[in-house]
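Asks: First residue of the sequence shown? That's 17 in my numbering, and the numbers climb one at a time after it.
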Amino acid sequence: IYKESTSAVMRKKEEMILAIAGIFTALIVIETPFLFICPPLPLLLSWVNGIICSPNWNFLKRVRYMAVFLLFLLVGIPFINIFWILDEMIFWNYRDVKLDNSVFVVAGFRTGSTNLHRALSLDNERFVSPRMIELLLPLLSAQYIIDGIEWIDSKYGTSMISNLEVKLCENYFGKELTSRHPMSWYGAEEDDILLAFWLRAGWYAGVFFPNKDAWMNSGKIDDLSANNQSRICEFYMRSMQKVLYRRGGGRILLSKSHLINLMPLIQKNISNARFVSIVRNPKDTFVSWYSLAQAGLERMANKRLPEDVAVEAHLEFWDEFTKTEMMFFKNANYHSQAKNTCSNKDSEKTHVREKNEQNNRTIMTFSEYLNNQKGAVEHCYASWGYGDLSSTMAQRLKSAEKEHAVYKKSRDYTNPTLEDLGLDSSSVTKRY
């Protein structure tokens, strides 16, 4: 047909048809649907409803939020999908990387889980954790370009990466946000950012849009359809495979998030996955997470939630999170149980190993972790069959404890009290 065609216009049409057919054939071959990365429709509709129906918003504010929403949908989503497909074609074998034996630190906000995650990540001979830029740009093509920039910095003494770090952490996230949750270019970061930024899913998504209902819908991933849940999980796992493909070197994925509603699906899809959590009464974390979320909203969305709405939203969040967390960690291997039923270190290792034959989940209280970070890490290692801490890892933990103590003393922010927010300690304690 092509050879017989004499019309230039006809040839161009045929070439276009062949190109489109080629693209869709490639998508079928690489098993990646068109617009693989896109927020689920219910979450998109929730945002639209929030823009239209949020009370006390003037017309200009609604127009501004709608413009940002459309820019994300019509520019950001096509951008990430085009380059994702290029990744699938160029680095197709990244999907051969196994996520077996991955470790997932999953807990409520401001419970000490970030500290546990970063403590575990010090064992960099064993673990690899995603970095901030890998979560914001989950593209191997982009990451290899960044690797090239890092090489130029090391070769010629330039400071391009450090300048990018300043722009990202200080200029984009802002001083208050990074003071409450320190971030760095090479530091281990929380996976929530990946799903919140690109799919508007997970509890972190609440910092992008000041609407209570949209936040609740984003967090409750397990309320979405099975197809939407599967797509979210697939995007997450492929992104983690990319991290291991580029930097793994045979190491184990160490993940940290607050994606408790996604964990049952992660457990189903990743062989021998391990889960660890730190639990803390919401009474003791409420004001800290409230303040961090409000600071995030002000920075990302230029608007905080009204105090009464925000307090109600955070109470509902903790209701949902604690319920889901208790269900997932119902039969977990408890740190205090192992400690109280064992008389020596060897018998504790035997006990947690026996428990772990039936369970892949470990849980501890905030006070247990705070009082003995090294012991908590040792307990995790025993549960996972890793053996004793190396002397190098023990020394790293000791140094990290000192650095964290200095940070806590030098923090330059204050939180309101429960009473300042119209709550009282006894009622919140009783509620949880």
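C-beta atoms are modelled at their ideal positions from N, C-alpha and C, and glycine is treated no differently.
Small disclaimer: the values here were computed from a predicted structure and weren't measured.
Is DSSP giving Arg27 helix, strand or coil here?
Replies: DSSP places Arg27 in helix when its eight states are reduced to three.
Asks: At a cut-off of 7 Å, is Asn375 close to the ligand GDP when judged by its beta-carbon and the heavy atoms of the ligand?
Replies: Ligands are entirely absent from the displayed structure, and the ligand GDP is therefore not among its contents.
Asks: Got a sec? Which residues, its chain only, sit under 7 Å from Ser359 by beta carbon, not counting five neighbours each side?
Replies: Only weak support exists for where Ser359 lies, its pLDDT of 46 falling under 50; the coordinates are left without a value.
Asks: Does the stretch 145-154 come into contact with the stretch 201-218, if we say contact requires no fewer than three beta-carbon pairs (one atom in each stretch) closer than 8 Å?
Replies: The stretch 145-154 is in contact with the stretch 201-218.
Asks: Should Asn506 go down as buried or exposed, given a rule of 16 or more other Cβ atoms within 10 Å for buried?
Replies: Outside the shown range of the chain, which is 17 to 448, sits residue 506, and nothing can be said about it.
Asks: Looking at C-beta atoms only, is the number of pairs between the stretch 67-81 and the stretch 118-135 that lie closer than 8 Å three or more?
Replies: No, the stretch 67-81 is not in contact with the stretch 118-135.
Asks: Report yes or no: do three or more beta-carbon pairs, one from the stretch 306-316 and one from the stretch 429-438, lie closer than 8 Å?
Replies: Yes, they touch.
Asks: Would you tell me roughly how many angstroms separate the C-alpha atoms of Pro280 and Glu250, rounded to the nearest one?
Replies: Roughly 14 Å separates the two Cα atoms.
Asks: Report yes if the CB atom of Val223 is closer than 8 Å to the CB atom of Leu313, and no otherwise.
Replies: In contact: Val223 and Leu313 (Cβ atoms closer than 8 Å).
Asks: Can you tell me whether Cys396 is buried or exposed? The criterion is at least 16 other CB atoms within 10 Å of its CB, across all chains shown.
Replies: Answer is buried; the Cβ neighbour count reaches 16.
Asks: Between the alpha carbons of Asn233 and Leu59, how many angstroms are there, rounded?
Replies: Asn233 and Leu59: Cα-Cα distance of roughly 7 Å.
Asks: Skipping 5 residues on each side, what residues in its chain have a beta carbon closer than 6 Å to that of Lys228?
Replies: Answer for Lys228: Val325 and Ala329, listed in chain order.
Asks: Which residue's Cα is closest to the Cα of Val292: Tyr350, Arg320, Asn109 and Leu89?
Replies: Minimum Cα distance to Val292 is reached at Tyr350.
Asks: Just curious, the beta strand (DSSP E) that Val113 is in, first and last residue?
Replies: Neither: Val113 is in no beta strand (DSSP E) and is coded neither H nor E.
Asks: Using the three-state DSSP reduction, which class does Arg216 fall into: helix, strand or coil?
Replies: Three-state result, Arg216: coil.
Asks: What does the alpha-carbon distance come out to for the pair Trp108 and Gly438?
Replies: Near 54 Å, if we compare the C-alpha coordinates of Gly438 and Trp108.
Asks: Starting from the Cα of Ala158, find the closest Cα among Arg147, Asp103 and Tyr252 and give me that residue.
Replies: Looking at the Cα atoms, Asp103 is the closest of the given residues.
Asks: Spell out the partners DSSP gives Tyr397 in its beta bridges.
Replies: According to DSSP, Tyr397 bridges with nothing at all.
Asks: What three-state label does DSSP hand Met199 in the structure shown?
Replies: DSSP places Met199 in coil when its eight states are reduced to three.
Asks: Within the same chain, show all residues whose beta-carbon is closer than 8 Å to that of Glu186, passing over the 5 residues directly before and after it, in chain order.
Replies: Around Glu186: Thr194.
Asks: Count the other CB atoms, across all protein chains shown, that sit within 10 Å of the CB of Cys54; report buried if there are 16 or more and exposed otherwise.
Replies: Burial call: buried.
Asks: So, helix, strand or coil for Thr338, using DSSP?
Replies: In this structure, Thr338 counts as helix in the three-state DSSP scheme.
Asks: Mapping the DSSP letters down to three states, classify Ala204 as helix, strand or coil.
Replies: Ala204: strand per DSSP, three-state reduction.
Asks: For Ala311 versus Ser62, is the C-beta spacing smaller than 8 Å?
Replies: For Ala311 and Ser62, no; Cβs fall outside 8 Å.
Asks: Is it buried or exposed, Pro146, if we count other Cβ atoms within 10 angstroms and call 16 or more buried?
Replies: Buried, because 16 or more other Cβ atoms sit within 10 Å of the Cβ of Pro146.
Asks: Which residue wins for smallest C-alpha separation from Lys77, given the options Ala317, Ile379, Ala135 and Tyr172?
Replies: Among Ala317, Ile379, Ala135 and Tyr172, the Cα nearest to that of Lys77 is on Ala317.
Asks: Short check: CB of Phe189 to CB of Met176, under 8 Å?
Replies: Cβ atoms of Phe189 and Met176: not closer than 8 Å.
Asks: From Val392 to Asn179, what distance separates their C-alpha atoms?
Replies: Reading off the sequence, residue 392 comes out as Ala, not Val. Cα-Cα distance, rounded: 37 Å.
Asks: Give every residue of the same chain whose Cβ lies closer than 6 Å to the Cβ of Ile67, excluding the five residues on either side of it in the sequence, and list them in chain order.
Replies: Around Ile67: Arg78, Tyr81 and Met82.
Asks: Taking all protein chains shown into account, decide if Asn376 is buried (16 or more other Cβ within 10 angstroms of its Cβ) or exposed.
Replies: Buried is the call here.
Asks: Ala416 to Arg320, Cα distance in whole Å?
Replies: When rounded, the distance between both Cα atoms is 34 Å.
Asks: Does DSSP put Phe189 in a helix, in a strand, or in coil?
Replies: Phe189: coil per DSSP, three-state reduction.
Asks: In chain order, what residues of the same chain lie with their CB nearer than 6 Å to the CB of Arg296, ignoring the 5 residues before and after it?
Replies: For Arg296, where only same-chain residues beyond five positions count, the Cβ hits under 6 Å are Thr127 and Phe382.
Asks: From Leu156, Thr174, Val122 and Asp116, pick the residue whose C-alpha is nearest to that of Ala342; which is it?
Replies: Ala is not the amino acid found at residue 342; the sequence shown has Met there. Answer by Cα proximity: Val122.
Asks: Rounded to a whole number of angstroms, what is the C-alpha to C-alpha distance between Leu138 and Asn65?
Replies: Distance between the alpha carbons of Leu138 and Asn65 is about 44 Å.
Asks: Among residues of its own chain, excluding the 5 on either side of Leu51, which ones have a beta-carbon nearer than 6 Å to its beta-carbon?
Replies: Closer than 6 Å at the Cβ level, and outside the excluded window around Leu51, lie Asn97.
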